[in-house]
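See below for the structure under consideration.
2 protein chains.
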Amino acid sequence: MAATESGKKPKRDTYRHGDLRNALIRAGLELARTGGPEAVVLRAVTREAGVVPNAAYRHFADRAALLHVVSQAAIAQVARTMEAEQAALPPAADTTAAARARFRAVGTGYLRFAQEEPGLFRTAFHVPGDMTHAADDDAAGSSGKTPFELLGAALDGLVETGILPEDRRPGAEFLAWSAVHGLAVLLIDGPLRGLHPAQAHDAGQHVIDMIERGI
Amino acid sequence: MAATESGKKPKRDTYRHGDLRNALIRAGLELARTGGPEAVVLRAVTREAGVVPNAAYRHFADRAALLHVVSQAAIAQVARTMEAEQAALPPAADTTAAARARFRAVGTGYLRFAQEEPGLFRTAFHVPGDMTHAADDDAAGSSGKTPFELLGAALDGLVETGILPEDRRPGAEFLAWSAVHGLAVLLIDGPLRGLHPAQAHDAGQHVIDMIERGI
DNA sequence: GAGATAAGTGGATGCTGTCCACATTGGAGT
DNA sequence: ACTCCAATGTGGACAGCATCCACTTATCTC
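Residue numbers (the working numbering), protein chains in the order written: chain A, 792 to 1006; chain B, 792 to 1006.
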């Protein structure tokens, strides 16, 4: 009856942890994945890392600071999902088709992440005030671009290939982002929750159609 | 030095409160107005009502149940703001112009509420799972329609006047709602926070333009 | 080697939601 | 008019939470 604890308890024997800061972030991400931002509880995170609650204060000012870093990491995962969606694109017929596909992949990737990792998605964007920092470096994906920057680049592509008139370009990211993010919320927490993935994908394409027409 | 407490403490002398359930909801709305859903704290709410924390459990199963009712009340206020926006519309030239104006007023009212009462707006829609009940009776405004139903009615008006092709009608509320709600989030918590009201209004009209074109 | 200093510990405080047993009282039924 | 009951409010307790302060331990620097 030694295994009273649930999972694994590393039971570190060294006084120093060695990599506590990262361990806390990792644990925070894991908790956020299954329970969203409110599940990132200081005591739970330190417990996971096999350390006393106060130890966290050597690396973060308070719970909000930890949550902010976790949030940034989640945003970076959004960026990577977008990048993956673009990378998986089949070769396009011409450059305008390619630009369109890359633009649509931005939205599709965003929506895919929201559905596959709702907890992380909420953590990424639901924390009041954290979206302001969505342009910070540590919110970037492999390409070094944040989700917002990826969207901007895709829109630039639309302008370059003549699909989007130049005078419609300013502020276009806010239009696109509004629509896609709104749908994501609808799919995660709203009346569209529990929609079959295929139907959800259709809804996503529908919204992106609307954006292309209306932008 | 008798006035140690901050505000007013009714200091009820009757053992029974008389209208505690409503008093708790009112207090909850007040807290939500200034602090959002997380400010609807059971103990604070009962304190405000001049009652011991446990008394709340005679009227609500738990904090979540209270918050749900407060959320419904907030949604009803959204509906009323939309209705007010429609009611304030100047007389239109013809029926199609009227239908368009009524449709746009739905979005404009929604966005106006989000900006004027961000705390209540968050409380209305930020609570996971509560948007599912956005069609409940007590989420309705003066007309007896919920925000979703108001949007649906406005879309029906667009179809009747021939502005919106009938085959585009199904699912249109989700497209429109996605875009407008997404912008609301952007304005409240996102990079567009703190935008000058006039600019915010412009952004709203921009998004509604996109919806009209792209729907 | 000595001492500064970063990193982790232990204990305490005041919040929170919720449970249980108890007190009060208004009203229904006699 | 009297009694009893069920609804309503109280009091005390518990566990979990974030955070503060004083203390210990190990590592890095001179």
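Just so it is clear, CB atoms sit at the ideal spot from N, CA and C, and this is done for glycine as well.
Of all the CB atoms in chain A, is at least one closer than 8 Å to the CB of residue i?
i	result
B/Met873	no
B/Ile1006	yes
B/Leu858	no
B/Phe965	yes
B/His997	yes
B/Gly962	yes
B/Leu833	no
B/Asp1002	It is worth fixing the name first, because residue 1002 of chain B is Ile in this sequence and not Asp. Judged by the 8 Å Cβ criterion, B/Ile1002 is in contact with chain A.
B/Ala994	yes
Residues in the same chain with beta-carbon distance under 7 Å from residue i, minus the five sequence neighbours each way, listed in chain order, please.
i	result
A/Ala834	As written in the sequence, residue 834 of chain A is Arg, which differs from the Ala given in the question. So the qualifying residues of the chain are Pro844.
A/Glu839	Ala818
B/Asp927	Gln863
A/Ala883	Ala889 and Ala892
Which residues in the same chain have their Cβ closer than 8 Å to the Cβ of residue i, if we skip the five residues on either side of it in sequence?
i	result
A/Thr887	Thr952, Gly953 and Ile954
A/Ala991	Leu902, Gln906, Leu978 and Leu983
May I have the straight-line CA-CA distance separating residue i from residue j, to the nearest angstrom?
i	j	result
A/Val950	A/Glu1003	12 Å
B/Tyr848	B/Ala855	11 Å
A/Phe939	A/Asp929	13 Å
A/Ala823	A/Val836	10 Å
B/Val831	B/Asn813	14 Å
A/Gly943	A/Thr872	16 Å
B/Ala892	A/Phe894	32 Å
A/Leu941	A/Asp885	21 Å
B/Gly809	B/Phe912	29 Å
B/Ala889	B/Leu946	12 Å
B/Asp958	B/Ile1006	11 Å
B/Arg876	B/His997	Residue 876 of chain B is actually Glu in this sequence, not Arg. Those two C-alpha atoms are separated by around 18 Å.
B/Thr937	A/Gly981	15 Å
Counting only C-beta atoms, is residue i closer than 8 Å to chain B at any point?
i	result
A/Val740	Any question about residue 740 of chain A goes unanswered here, given that chain A covers just 792 to 1006.
A/Ser969	yes
A/Gly898	no
A/Gly973	yes
A/Leu983	yes
One question on the structure: do residue i and residue j come within less than 8 Å of each other, judged by their Cβ atoms?
i	j	result
B/Leu966	B/Leu978	no
B/Gly819	B/Val869	no
A/Gly898	A/Ile999	yes
A/Pro828	A/His917	yes
B/Ala970	B/Leu983	no
B/Ala963	B/Leu902	no
B/Ala896	B/Ile866	no
B/Thr825	B/Gly910	yes
A/Leu858	A/Leu815	no
A/Glu874	A/Gly932	yes
Excluding five sequence neighbours on each side, which residues of the same chain lie with their C-beta closer than 6 Å to the C-beta of residue i?
i	result
A/Arg960	Val950
B/Ala794	Residue confidence for B/Ala794 is low, a pLDDT of 38 falling below 50, so the modelled location carries little weight; the figure read from the coordinates is stated next. Taken in chain order, the list of residues that qualify is empty.
A/Phe1089	No statement about residue 1089 of chain A is possible, as the shown extent of chain A runs from 792 to 1006 and does not include it.
Point to revise | Every unbroken alpha helix (DSSP H) inside the segment 886-961 of chain B [4 residues or more] | key: Listed in chain order, the complete alpha helix (DSSP H) runs (minimum 4 residues) inside the segment 886-961 of chain B are 886-907, 909-916 and 938-951.
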